[in-house]
Amino acid sequence: MSSEQIINKIQFSCDDIRLGVFFRRYPITRVFVFVYMLLLHFWVMIVLLTYEPEIHNASSYEILKKQ
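If you read the sequence shown in the working numbering, its first letter stands for residue 15, the second for the next number, and so on.
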């Protein structure tokens with residue numbers, strides 16, 4: 015393991031510790047982050063499940079014109 019990899023590993027673990035301390039100190043932020051993540055996932059699922067791509071070719075235009 016190179017010294018750069020060790021430094022990066024230490025930096026990321028320090029960031030995780032700071033974030034954990036922040037969430038421990040302010041528990042309401044955990045609730046807001048959790049609710050935000052749930053809403054974000056819910057919104058993405060809605061978009062993915064309701065998306066209908068547009069079709070722009072002549073044959074589909076004729077089919078729609080006949081209806």
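Note that beta-carbon positions come from the ideal geometry of N, C-alpha and C, so glycine has one too.
Where P41 is concerned, the enclosing alpha helix (DSSP H) starts and stops at 41–64.
C-alpha of R38 to C-alpha of L52: approximately 20 angstroms in a straight line. Distance from the CA atom of V35 to the CA atom of F48, rounded to whole angstroms, is 16 angstroms.
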